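Chemist: Mind looking over this structure? Questions follow.
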Amino acid sequence: MNTFENLGLNPMIQQSLCEMGFKTPTTIQDKTIPLLINSKKDLIALAQTGTGKTAAFSLPIIQQLDEQQKQVQALILCPTRELAMQIAEELKHFTKHSKGINVTPVFGGERMDKQIRALKNNPQIVVGTPGRINDMIKRKILNIEKIKWLVLDEADEMLNMGFKEELDEILISTPKEKQVMLFSATMNAFIRKIANNYMQNPEEISIGTKNSGPKNVKHFYYTVQEKDRYSALKRIADMTPEIHGIIFCRTRLETQEIADKLIQDNYSAEAIHGDMAQEQRIKVMKRFKLKQTKILVATDIAARGIDVEALTHIINYNLPDGAERYIHRSGRTGRADKTGCSLTIINPREHHKIKIIEKKLGTTFEKKKIPEGKEVCEKKLFTLIEKMNNIEVNEDQICKFSKIINEKFNHIKKDEIIKKFISLEFNKVLESYKNAEDLNINFAKQTHSHRQKNRGSFRNHKRRFNRVNNKIKR
Ligand code: ADP
Ligand code: MG
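Position 366 (the sequence shown) corresponds to 360 in my numbering; numbering is contiguous.
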């Protein structure tokens, strides 16, 4: 097992890492940090989601930065505002003990004046999204003519989101002599394109199998009729009271609708998507990270790079287009050696999509059954009882009310009291699952009727065939 000291990082950085709880480097850090400290060559680094790529590109920069020089020396570009904020935040932790290093995030949707002021403070590292960065360069507020390092984090997604023009313009403002680093969890044609356009003879480091998801994430799927998708989601959520996870939807509209429905149905959920004001997006993200909100309903803006500690579940309310997006979505769980669970709801016509993803990931999805109403009620009941068993009684305060409590309850028997208290919360559950149907599709039955139908059409086909033949015979 290697150490951060052996990788060539200074004691100030080591101190920060120690305080952050980083004990040993991850494989990608082990491979790239010494290389980036000792070589000026461009680099493409591919490693699975959640393996510490942020530290892998930023620690060598921090190590080699000239704190005395008050100008931008490193520019880190990434596709989403949330990711820019997160990277800047992590860099602030890494540089906590490295005096004189200043990091500034620059992203769209936030007031210009605040960011302009921050840029006038001469940061050495700027992290941002291509649109706003380009804007700041054009306004001559940001000068990147002397940068030594350019990082393209989740580079393919930047192209995918249509930032090609901005990237081209930004690249024109950079000096010829610089080290370009590209970090991603997936390899595709976009990455090749970026390497060809923006990099010179890059070195390539690839950890693990290309385009595979982390090994510590388990994949499950549920098949339901299209009309039952939302009810299935609710049952899954009800069966996992410990959930702290992201539900991915396909469109902004669907994201908002599902979040609204969940909120209406009393779940701790909030939406995040591109139609929301940035201020709102920041607030939602903050509440989710603090676990004040348990479920984040999101478009793929939350799929890339976002790191929320120990998420329990990723739920694909609808599958994304393409296996790569699935890899990034499910990679929000099972990060930094934790385990995770990625659940997908499909309709019977979407099985082939699961097959395609299985093939690309080199893993299998386990088929699961949507729990029946009774199972969900039992689970809810056990959770309630456990909650009741674990609740701490504030003896000091409650004793003041003991007399009243005893008076009010002395005419009711103990088991009656228990039932009543349980019913306080449980009645809602019983009511909502009163007439709950089995949401699972009975394939045996379906295949039978399907066969019948097919047999019918085969008969017709045969009849038509005979008729034609008869005609010929005649
Ligand atoms: P990636 O960019 O590869 O998806 P991140 O850089 O976001 O991954 O890191 C994932 C998580 O792992 C973060 O919470 C980060 O703080 C943590 N992490 C990174 N490197 C280490 C390490 N060497 N030891 C412990 N935790 C780490
Ligand atoms: Mg990342």
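For every residue, glycine included, the Cβ atom is placed at its ideal position computed from N, Cα and C. Every value quoted in this text rests on a predicted model; they were computed, and no experiment measured them.
Which full runs of the beta strand (DSSP E) of 3+ residues lie inside the stretch 179 to 266, going along the chain?
Modeler: You should have 197 to 200, 211 to 217, 239 to 242, 263 to 266.
Chemist: According to the neighbour-count rule (16 or more other Cβ atoms, all chains shown, within 10 Å of its Cβ), is GLY15 buried or exposed?
Modeler: Classification of GLY15: exposed, given that the 10 Å Cβ count is below 16.
Chemist: Exposed or buried, ALA128, counting other C-beta atoms within 10 Å across all chains shown (16 or more means buried)?
Modeler: The residue asked about is misnamed: residue 128 is Asn in this sequence, not Ala. ASN128 should be labelled buried.
Chemist: Between which residues of its own chain and LYS187 is the CB-CB distance below 8 Å, once the five residues before and five after are set aside?
Modeler: These residues qualify, in order along the chain: LEU153.
Chemist: What are the start and end residues of each continuous alpha helix (DSSP H) run of 4 or more residues lying completely inside the stretch 149 to 183, in chain order?
Modeler: Within the stretch 149 to 183, the complete alpha helix (DSSP H) runs of at least 4 residues are 149 to 154, 158 to 166.
Chemist: Under three-state DSSP, which class holds SER336?
Modeler: Looking at SER336 - three-state DSSP - the assignment turns out to be strand.
Chemist: Could you give the distance in angstroms between the alpha-carbon of GLN344 and the alpha-carbon of PHE214?
Modeler: Note that residue 344 is Glu in the sequence shown here, rather than Gln. The straight-line gap from Cα to Cα measures roughly 14 Å.
Chemist: Sort SER206, GLN65, ASP147 by Cα distance to THR98 and report the nearest one.
Modeler: It is GLN65 whose Cα lies nearest to the Cα of THR98.
Chemist: Span of the alpha helix (DSSP H) holding ALA82?
Modeler: Residues 75 to 88.
Chemist: Tell me whether THR26 counts as near ligand 1, meaning its Cβ is closer than 6 Å to at least one heavy atom of that ligand.
Modeler: Checking every heavy atom of ligand 1 against the Cβ of THR26, none is found closer than 6 Å.
Chemist: Where DSSP assigns a beta bridge to LYS361, which residues make up the other side?
Modeler: Paired residues: TYR215.
Chemist: DSSP has ASN310 in a bridge; who is on the other side?
Modeler: BP columns for ASN310 point to PHE242, THR338.
Chemist: Leaving aside the five residues before and after ILE350 along the sequence, list all residues of the same chain whose C-beta is less than 7 Å from its C-beta, in chain order.
Modeler: These residues qualify, in order along the chain: ALA317.
Chemist: Give a yes or no on whether the C-beta atoms belonging to GLY356 and LEU77 are separated by under 7 Å.
Modeler: No, they are not a contact pair.
Chemist: Does ligand 1 have a heavy atom nearer than 6 Å to the CB of ASP301?
Modeler: Result yes, Cβ under 6 Å from ligand 1.
Chemist: Could you tell me how far apart the beta carbons of TRP143 and LYS170 are, in whole angstroms, since I believe they sit closer than 8 Å?
Modeler: Actually they are not in contact, since the Cβ atoms of TRP143 and LYS170 sit about 14 Å apart, beyond 8 Å.
Chemist: How close, in whole Å, do the beta carbons of ALA88 and ALA112 come, if the pair is a contact with beta carbons under 8 Å?
Modeler: In the sequence on display, residue 88 carries Phe and not Ala. Between ALA112 and PHE88 the Cβ distance is about 18 Å, and since that is not below 8 Å, they are no contact.
Chemist: Give every residue of the same chain whose Cβ lies closer than 6 Å to the Cβ of ASP269, excluding the five residues on either side of it in the sequence, and list them in chain order.
Modeler: Contacts found: ARG246.
Chemist: Please determine whether the Cβ atom of PHE214 lies at a distance below 6 Å from any heavy atom of ligand 1.
Modeler: Checking the Cβ of PHE214 against ligand 1 gives no.
Chemist: Check each candidate in SER426, MET79, ASN(-4), SER33 and name the one with the smallest Cα separation from GLN272.
Modeler: Among SER426, MET79, ASN(-4), SER33, the Cα nearest to that of GLN272 is on MET79.
Chemist: How would you call ARG468, buried or exposed, if buried means at least 16 neighbouring beta carbons within 10 angstroms?
Modeler: Its pLDDT being 29, under 50, ARG468 is placed unreliably by the model, and the measurement read from it follows with that caveat. Exposed, since its Cβ has fewer than 16 Cβ neighbours within 10 Å.
Chemist: Compute the minimum distance between the beta carbon of LYS47 and the heavy atoms of ligand 2, and state whether it is under 6 Å.
Modeler: Flag set: Cβ of LYS47 near ligand 2.
Chemist: Count the other CB atoms, across all protein chains shown, that sit within 10 Å of the CB of LYS47; report buried if there are 16 or more and exposed otherwise.
Modeler: Flag for LYS47 reads buried.
Chemist: At a cut-off of 6 Å, is PRO19 close to ligand 1 when judged by its beta-carbon and the heavy atoms of the ligand?
Modeler: True, at least one ligand heavy atom lies under 6 Å from that Cβ.
Chemist: Quick check on this structure: which residue in GLN23, MET6, LYS414, ILE7 has the alpha carbon closest to the alpha carbon of MET(-5)?
Modeler: For MET(-5), the nearest C-alpha among the options comes from GLN23.
Chemist: Does the beta-carbon distance from LYS288 to SER262 come in below 7 Å?
Modeler: A contact, by the Cβ cut-off of 7 Å.
Chemist: Looking only at its own chain, which residues have a Cβ that is under 7 Å from the Cβ of GLU425, when we skip the five neighbours before and after it?
Modeler: Closer than 7 Å at Cβ, skipping near neighbours: no residue.
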